[in-house]
Amino acid sequence: MRVGRERQREELRDWVRGGARGSGGHLIVEGEPGSGRTALVREALAEAAALGVRVRYGAADAFTAELPLRAALDCLHPEGPGRAAVVALLREAREAAQPGGALLAAMDLLVSGVEEWCAPGRPLLLVLDDLHWADPASLLLWQRLARAVDRLPLLLAATRRPLPRRPEVEQLCAELGAAPRGRTVRLEPLTRTESAELLRGMLGAAPGPRLREAAGQAGGNPRLLRDLTTQWSRFIEITGLAGDDGGADAAEAAAVAELTLPEQELPEPPASLPRGIGYLSRPAYTTLRHAALLGPAFTPRELALVQARPAREVLAELEEPLLAGLLEDTGERLRFRQPALRRALYAELPRAARAALHQDAARALAEAGHDPERTAEQLLAGGALDRWAVHWLADSAQSLIAAAPGAAAELLERAVAQADCGDRDALEGSLADAALMLRRPESVELLTTLHGRATDPGHRAALAFKLVSALMIQGDMARSLAVTEDALAEQVPSSTLRLRLEACRVLALADLHCPAKAHTLAAAVVAEAARLGDPLCGAEAHHAMAFALFHLGRGRESLRHVAEGIACARRSPEANDMRLLLLANQAEAHLRFDEPETVAAALQEARELALSTRSTGRLVVTEARLAEFHYRLGDWDTALAGVARADGLPVSDGWLPVVVHGLRALVLGHRDEREAAQAELALLPPDAFAVPAARRYSGHVLLARALLAERAGRPADAVRELLPALADSPDEAGAYERPWVLSEIVRVALDSGDTATARAAVAACGRAAAALPEYPGPALALLRCRGLFAQDPQLLAQALERAERGGWPLVLGHAWEDLAVARAWHGDLAAARAALTRAVAAYEDLGARWDTARADARLRSLGVRRGSRSARRRPASGWEALTPAELKVALLVAQGRSNPEIAGALFLSTRTVQTHVSHILAKLQVRSRAAVAAQAAARRSAAEPVRGPGAEPVRGPGP
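In structure tokens, the structure reads:
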């Protein structure tokens, strides 16, 4: 199966069809090894033969590049008397003192043969594969034939790759490409979407998030992706093929192929892989192999330092890998486009040699003053630390922790095990700092020990602050408050440190259900921070105030302080960790206000900062927030990829398993993959909800458990699974999804005849909405609760209107389904059927098969059916033809956003956005982005709003 070449394939078909009608021309197909050049031209050969075109094929190779006319002869006369006549002339040329005459005669004979083939008016297609290896005489002959396409029904097609670069080949291709009848087709690397489609064709199942991520190892090279997939075949499991009665096509559509191992545990790429770049010169190959030591990306200056050579020499040798597309220039660094190739080059070096080279590289980078994390990367790969490395680490620990805490912690653990008593205390203190940054539980024990040993007041206060932070991370707010009070009762020589401890007291009090007292203290903390003018103090003071206001239910005021805290944090690298925390809080708050663009901007900034600083602890929070965001947006595959990344990070936050397994189980449940969803829930530890932070994220787990019970025909059990949300305890009241969970209790309880529980859930949702009046989510949930309980179409139409304003696809599907049921209860079956159709459309776009089945079943019992149960077919053109992903991109295009801006907003690559834009232009049958904007504006102006109960909104292209 070949994917990602549809445009090029169609271009070749058009070219061949024109040739079949007698129109001559020449074409060059360019692409790297493994890109599918030969396969593409072979398709053209088959198409031409089917149309009655005479075809001839030949391929040049490196071993015959010095034999005159060998490539052209293999193409035109692979055998027979015509070949014998030309060979005789070539033999005469080889033996003659002046071979030019015989060689020209051989060329004339070949040209006249081509003219004779074309003379009856029958078109001829000649294909010369691997033009880059062709001998000079064959190139000259090809040039002569190209000049005859104006008068003959002759098609010439040749393929080439970027290297080797020969002047005569470059000159010929430039001349042919610029000619009126010339074309050049370039085969670019596959996009991520195209790679996923190739995997689907190979495996007969859609690739899961982990496999799609691992496919990036191939860098978009089709042949390499096939080779890697074959090598990984033992670790790929296909689920979902059996059981359903939708036939083979339906089973394949539901099947998922996923890796059973994390990407980092997959076997090394094939050892033969570097042989595929044997066309590089020896110096270029050696330099590329040294570059592999520096990681996936590097600068030429770093490579020059490691090789102890002038940068200009290194740059000259990197030119070939750049031309071949093996390296990409990202602006700041050069990056291996195919990570699998880098790993294979790296593995070629003996293990002992690698360790020594890494250690030498670390010293060279440190002595040149490079960023400490680059030195740390080399030390981590170099094995045991020598004395120089331990001393460097002791001197650079704090700057390394700030920039790359994960690398710092790993190196410090090695150093502590190797260090003598004189260095161990300092190294242990630095290790505690790194563990704190990474949110590891051992930081509490380390810091408690160090705090107990300390006698200097300033040192004790500093360790107390770190211990308080570690306790808060582990969720022990009561002990953190006690440590804070004790520290403030002692002498704290630093005014900035005292303020930071006071900010911690505010946080602890607010979390321990004393928000009013916390708010009073926070005002004094913010005022003192302004007086001190320290950026980190300012960030922490505003964070404390925002936290107190949030617990008081004053969300907009809280957000203003979050923004001020971020502004303070941006003024100093020392405040990077606080900036990450504030950005995560900002994203969460704007998500509560249904403001997705602000959420996307905050999370993008947070993720980039967390990655650049290697702040694993904050990165896991960011990945979890991103996963939740994409789940709400309806981009469930991206959400699953996000929780997979979060799950793979070395952190021990108690809430993380609840988020990871809860969101996975909920998505799988909506997709009706029951066994997989149950397996995810089974992975939750027995004490999953032991810490308050985990209980705040309990919504997805409760909803997934209830969904599976309802799916199994046990609605009473589904109600029981959701009952924890009914409790009005502070921990349960703070759960993020509680209002929506309460609305689900109402729906499921009514379906099971439990009116008392439904009434209690309506009342609880009313209290929740009253406590959170600023946020749209609780108000929507309350409208849904009351509308469901009374089966009131007017209330449910109002809920639908709010759901449309929010724009979250699953919520919108539920709102349409609820309205359909209420309309059916009131006897308006036509309106109920229309609402059901809209609900199912939303569910099908999400792939929510269980929700579709549930909606159909609920309405069927009320006498409403959608009609044909066949799969909904998307139109071929127009706005309705756009996929959900294309629709999101189209709306941003209509706003005037550039491709990089859209990529940032939707967390896509620029190449993926460009692919979407191309599809959008084709489906809307327009040629420009301005035309997309004009169509979007016209549809918006034609849209009708919801006018009240029973009226259906006619929506524009918005989500």
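Reading the sequence shown from the start, the letters are residues 96 to 1054 in our numbering. Every residue gets a Cβ at the ideal spot worked out from N, C-alpha and C, and that includes glycine.
For residue i, the nearest candidate out of the options (CA to CA)
i: R104; options: L122, R116 and A450; result: L122
i: R116; options: T717, L146 and F431; result: L146
i: E700; options: L714, E690, D689 and R687; result: L714
i: L647; options: G908, A865 and G129; result: A865
i: A167; options: E210, L235 and V959; result: L235
i: V984; options: A611, R396 and A998; result: A998
i: R264; options: A929, W237 and N671; result: The displayed chain sequence assigns Val, not Arg, to residue 264. With distances taken between Cα atoms, V264 lies closest to W237.
i: L507; options: A497, A498, F330 and A529; result: A529
i: A232; options: A243, A241 and L199; result: L199
i: W750; options: A822, H795, I840 and R727; result: H795
i: E1078; options: L596, L654 and L878; result: Residue 1078 cannot be examined here, being either before or after the span of the chain that is shown, 96 to 1054.
i: A697; options: A1029, V716, A1031 and E397; result: V716
i: A557; options: L522, E540, R595 and G371; result: R595
Residue i - DSSP class collapsed to helix/strand/coil
i: E1039; result: Here the model assigns E1039 a pLDDT of 38, short of 50, so the residue's position is not dependable, and the following value carries that caveat. Looking at E1039 - three-state DSSP - the assignment turns out to be strand.
i: G342; result: Residue placement at G342 is flagged as unreliable, the pLDDT there being 45, under the threshold of 50; the coordinate-derived value follows with that caveat. Three-state result, G342: helix.
i: D887; result: coil
i: V1021; result: coil
i: P610; result: helix
i: R112; result: helix
i: E996; result: helix
i: Y441; result: helix
i: G153; result: strand
i: P302; result: strand
i: R649; result: coil
i: D224; result: strand
i: R186; result: helix
i: F784; result: coil
i: A392; result: strand
i: L219; result: strand
Residue interval of the beta strand (DSSP E) (run including residue i)
i: I123; result: G120 to E125
i: A352; result: V351 to L354
i: Y380; result: Careful: Y380 lies outside any beta strand (DSSP E), inside the alpha helix (DSSP H) at R377 to A387.
i: E332; result: I331 to T334
i: A252; result: L249 to R255
i: E423; result: L422 to D424
i: L429; result: L429 to F431
Residue i Cβ short of 7 Å to the ligand HEM heavy atom set
i: A512; result: No copy of the ligand HEM appears in this structure; indeed no ligand is present at all.
Alpha-carbon to alpha-carbon, residue j and residue i
i: Q569; j: D748; result: 7 Å
i: L184; j: E190; result: 10 Å
i: A134; j: D169; result: 19 Å
i: D230; j: R992; result: 49 Å
i: S586; j: A549; result: One detail in the question is off: residue 586 reads as Gln in this sequence, not Ser. Cα to Cα, Q586 sits roughly 13 Å from A549.
i: L677; j: Q454; result: 38 Å
i: S118; j: E106; result: 15 Å
i: A934; j: V1021; result: 30 Å
i: G114; j: R702; result: 53 Å
i: T932; j: W835; result: 23 Å
i: R833; j: L298; result: 40 Å
i: L758; j: H614; result: 34 Å
i: S965; j: G942; result: For S965, the pLDDT reaches just 39, beneath the cut-off of 50, and the residue's location in the model is therefore unreliable, although a value from the coordinates is still provided. Going from the Cα of S965 to the Cα of G942 covers about 15 Å.
i: A885; j: D823; result: 24 Å
i: S328; j: A499; result: 35 Å
Limits of the unbroken alpha helix (DSSP H) element including residue i
i: V280; result: V280 -> not in any alpha helix (DSSP H); beta strand (DSSP E) instead, spanning G277 to R281.
i: F724; result: T711 to L728
i: A771; result: R769 to A777
i: E468; result: P467 to A476
i: V587; result: No alpha helix (DSSP H) contains V587, which DSSP labels as neither H nor E.
i: L924; result: L924 to L941
i: R100; result: Counting along the chain, R100 falls outside any alpha helix (DSSP H), and DSSP gives it neither H nor E.
* Are the stretch 904-920 and the stretch 681-697 touching, with three or more C-beta to C-beta distances below 8 Å? -> With a cut-off of 8 Å, the stretch 681-697 and the stretch 904-920 do not count as touching, because too few Cβ pairs lie within range.
* Asked: Would you call the stretch 426-439 and the stretch 268-282 touching, i.e. three or more CB-CB distances under 8 Å?
  -> no
* Asked: Within the chosen definition, does the stretch 760-768 reach the stretch 572-586 through at least 3 CB pairs nearer than 8 Å?
  -> no
* To do: Take every Cβ of the stretch 278-294, pair it with every Cβ of the stretch 316-325, and state whether three or more of those distances are shorter than 8 Å.
  => yes
* Asked: With a cut-off of 8 Å, do at least 3 Cβ pairs link the stretch 726-744 to the stretch 770-785?
  -> They do not touch, by the three-pair rule.
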